[in-house]
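Residues in the sequence shown are numbered from 1454 upward in steps of one, following this note's numbering. The beta-carbon is built from N, C-alpha and C at its ideal position, and this holds for glycine as well. Computed from a predicted model, the values in this text were never measured in an experiment.
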Amino acid sequence: MPSKSTRGQSVAASAFSSLGAALTERVRGSDVVPSTTAHEVDYVVIGAGSAGCVVANRLSQTKDVSVLLIEAGGPAEDAALRKFPAVFTEFFGSRFDWKYQTEQQKHLHDRIINWPRGKVFGGTSAINAMIYIRGHRLDYDRWAEQLGDPRWSFDRVLPFFKKSENNRNDKLVSSRFHSSTGELSVESTTKNSQLEQAVLDSLKSKRVTVNPEWDFNGKQQEDAAGFYQFTVKDGKRHSSASAFLTPVLNSRKNLNAKPWSLATRLLWENRRVAGVEYVSNDWEIQAVRARREVIVCAGAVDSPQLLMLSGIGPAEELRRHGISVRADLPGVGANLQDHLMVPVTLNSRLKLDPDWTGFGGLFFRSALAAANDSPDLQFYFADIVNKQKIRNVAETTSGLFLAASFGTPYSRGQIALRSPNPLSKPVIQPNYLSDDRDLKILVEGLEFVREVASSKEVVRVTDGEAIHPESKIKYLTDDQVKVVRQYATTIWHPAGTCKMGVDDLSVVDSQLRVRGVDGLRVADASIMPILVNGNTNAPCIMIGEMVSSMIRQHA
């Protein structure tokens, strides 16, 4: 006889299947806002991630404007998310993670790559490595040039980075690149471990400029090694939700949030998106009307999926799934880019210091990059904590993490619908290393990591042996191409799938309005025409500031 837990799981699975069937039928049916929809607000924001929390905060600053924020996850009630920032990977695969996976990657030994994405207030900013890097100034200048819109140049987006920032380093705040008046706490590493010092000494012996206080968000990003800045406040994680949502959610009567609620499709009135259908936390299908606009901030995976489920995307793809075409935009889901890294972990000869010291790194140019290009290689180093022993930090073992990743990738992939069921996970096909230039850059990055790992300074504090028991390929000595194909993995920065631009594959214009559709904008990493050279949390927060300003100016 089945146990109570087994019977309960069976009932839940049956209910989930029935809900999926009902939602699929609705996606293929009428997509008009029901005349009986009683719930109305001015703005609906979909996704409480890096950008969405900013948008909800800024739009609700106007007291006579009502804002509804819909989020598939919920509050980050697990204190470990904030208390132990060094062990962020512990939360990959947890209830805070969408648990996405790619398709098999032809150029990575047919491996399937796990793609952690935050399913929680704060989105991926609640489970990431907290590194605060804006990207290179040339990244934004290239955006502006492609768009023909100077508002996206570095000098014009800089004030929006500063608007959010509460940099707690007095020395940095004194420069024109930083601010201490925003909500997002940004802190600098105040000390480094013996392991990290060994890496710095190794880099210095390679004639790399070493400056532990180097400002990667200042006048110059590249050609010096130091420690990254972090979204941390008093030793605890400071996610986008911690900064922009939680402090105002209960005090602003015009701002409401729907946690554990999945947006399943957009609803229409003629050519205008005028509402959102969603599944609430009690599995009820509900709708809300948006009097002014809907702003999709669901991220590089979920934003294109939601658009396609709503009839916005490649017409042939939509018809194949029985979805009526509202706007034939072939670029929805296309242009997928991600940073790929080649990591290695070295055992430490030293006793673990339980205090987290953070990540350090370096940006530099490969042999393929021109002198006037932005750097196309990023080097990371950090102490690591054995994640199996996270709950008892005093007894953890320690190691040294080293990695190289490329900057802007040449390879392009796509997000596609797996089915018209909104509960189904989409097809994620990054096409990693499909462009040989990416492979060449990573091989050069691998060689750099090997030189550091094998240096006398690092060997003195490690055993010099990579910890990869699952493979017979040795990181430090085997053929470089084999090592890249075996060990390269995501560094969690997908972007570009609803790209901003003026060409046929563009999905949004320079004001982030979806082409050919009224009342709808997208604001998250998916709008990046070219992936920035660095981590993506800070740029997404800036994008949230930008779109909020644009909306309020024309309200």
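Asked: Return the chain-ordered list of same chain residues with a C-beta closer than 6 Å to the C-beta of residue 1551, the five sequence neighbours on each side being excluded.; Found: 1570 and 1572
Asked: Taking the CB atoms as reference points, tell me whether residue 1974 and residue 1966 lie closer together than 8 Å.; Found: yes
Asked: Which value, in whole angstroms, describes the spacing of the CA atoms of residue 1890 and residue 1612?; Found: 34 Å
Asked: Near residue 1686, what residues of its chain come up, given a Cβ to Cβ distance below 6 Å and the 5 sequence neighbours on each side ignored?; Found: 1638
Asked: If you scan the stretch 1750 to 1799 from start to end, which runs of the beta strand (DSSP E) of 3 or more residues do you find wholly inside it?; Found: none
Asked: Taking the alpha carbon of residue 1621 as the point to measure from, which residue in 1610, 1635, 1614 and 1608 has its own alpha carbon closest?; Found: 1635
Asked: Got a sec? Which residues, its chain only, sit under 6 Å from residue 1678 by beta carbon, not counting five neighbours each side?; Found: 1656, 1661, 1663 and 1815
Asked: Buried or exposed: which applies to residue 1629, given that a residue is buried once 16 or more other Cβ atoms fall within 10 Å of its Cβ?; Found: exposed
Asked: Contact between the stretch 1785 to 1796 and the stretch 1491 to 1498 is defined here as three or more beta-carbon pairs at a separation below 8 Å; is this criterion met?; Found: no
Asked: Suppose contacts are defined by Cβ-Cβ distances below 8 Å. Is residue 1752 in contact with residue 1529 by that definition?; Found: no
Asked: Tell me whether residue 2067 sits in a helix, a strand or coil according to DSSP, three-state version.; Found: What the structure shows of the chain is the stretch from 1454 to 2008, and residue 2067 is not part of that stretch, so it cannot be assessed.
Asked: With a threshold of 16 other CB atoms inside 10 Å of the CB of residue 1644, please say whether the residue is buried or exposed.; Found: exposed
Asked: In this structure, what does DSSP give as the bridge partners for residue 1812?; Found: 1835
Asked: If we call anything under 8 Å between Cβ atoms a contact, is residue 1811 one with residue 1683?; Found: yes
Asked: In whole angstroms, what separates the C-alpha of residue 1665 from that of residue 1914?; Found: 19 Å
Asked: Does residue 1473 come out as helix, strand or coil in the three-state DSSP assignment?; Found: helix
Asked: Grab the span of the alpha helix (DSSP H) containing residue 1608 for me, first residue to last.; Found: 1607 to 1617
Asked: Following the continuous alpha helix (DSSP H) through residue 1597, name the residue where it begins and the one where it ends.; Found: 1590 to 1600
Asked: Across which residues does DSSP place residue 1943 in a beta bridge pair?; Found: 1793
Asked: If distances are taken between C-alpha atoms only, which option among 1804, 1626, 1577 and 1972 comes closest to residue 1993?; Found: 1577
Asked: Would you tell me roughly how many angstroms separate the C-alpha atoms of residue 1703 and residue 1616, rounded to the nearest one?; Found: 23 Å
Asked: For residue 1588, which residues from the same chain have a beta carbon less than 6 Å from its beta carbon, with the 5 sequence-adjacent residues on both sides left out?; Found: 1985, 1986, 1987 and 1992
Asked: Within its chain, find whatever has a CB closer than 6 Å to the CB of residue 1608; leave out the 5 residues flanking it on each side and keep chain order.; Found: none
Asked: If I measure Cβ to Cβ from residue 1827 and keep anything under 7 Å in the same chain, skipping five residues before and after, which residues do I get?; Found: 1589, 1591, 1592, 1860 and 1986
Asked: Can you tell me which of 1740, 1675, 1871 and 1741 puts its alpha carbon nearest to the alpha carbon of residue 1770?; Found: 1871
Asked: Write down the C-beta distance between residue 1784 and residue 1908 rounded to the nearest angstrom, noting that I regard them as a contact closer than 8 Å.; Found: With 8 Å as the limit, residue 1784 and residue 1908 do not qualify as a contact, their Cβ atoms being about 45 Å apart.
Asked: Give the secondary structure of residue 1998 by DSSP, where H, G and I count as helix, E and B as strand, and everything else as coil.; Found: helix
Asked: Using the Cα positions of residue 1739 and residue 1526, report the straight-line distance between them to the nearest angstrom.; Found: 17 Å
Asked: Say whether the stretch 1470 to 1485 touches the stretch 1715 to 1732, bearing in mind that this needs 3 or more beta-carbon pairs closer than 8 Å, one atom from each stretch.; Found: yes
Asked: With DSSP run on the structure shown, which of helix, strand or coil describes residue 1890?; Found: helix
Asked: Just to confirm my understanding: we take residue 1867, look at its own chain, exclude 5 residues before and 5 after, and list those with CB closer than 7 Å. What are they?; Found: 1786, 1787, 1789 and 1882
Asked: Check the DSSP bridge columns for residue 1581 and list the partner residues they point to.; Found: According to DSSP, residue 1581 bridges with nothing at all.
Asked: Leaving out the 5 sequence neighbours to the left and right, which residues in its chain are closer than 7 Å to residue 1896 when beta-carbon positions are compared?; Found: 1933, 1934 and 1937
Asked: Tell me whether residue 1424 is buried or exposed, calling it buried when 16 or more other Cβ atoms sit within 10 Å of its Cβ.; Found: Any question about residue 1424 goes unanswered here, given that the chain covers just 1454 to 2008.
Asked: Please state whether DSSP places residue 1847 in a helix, a strand or coil.; Found: The predicted position of residue 1847 is uncertain, since its pLDDT is 32 and thus under 50; a value taken from the coordinates is nonetheless stated next. Reduced to three states, the DSSP call for residue 1847 is helix.
Asked: What residue range does the beta strand (DSSP E) around residue 1725 cover?; Found: 1725 to 1732
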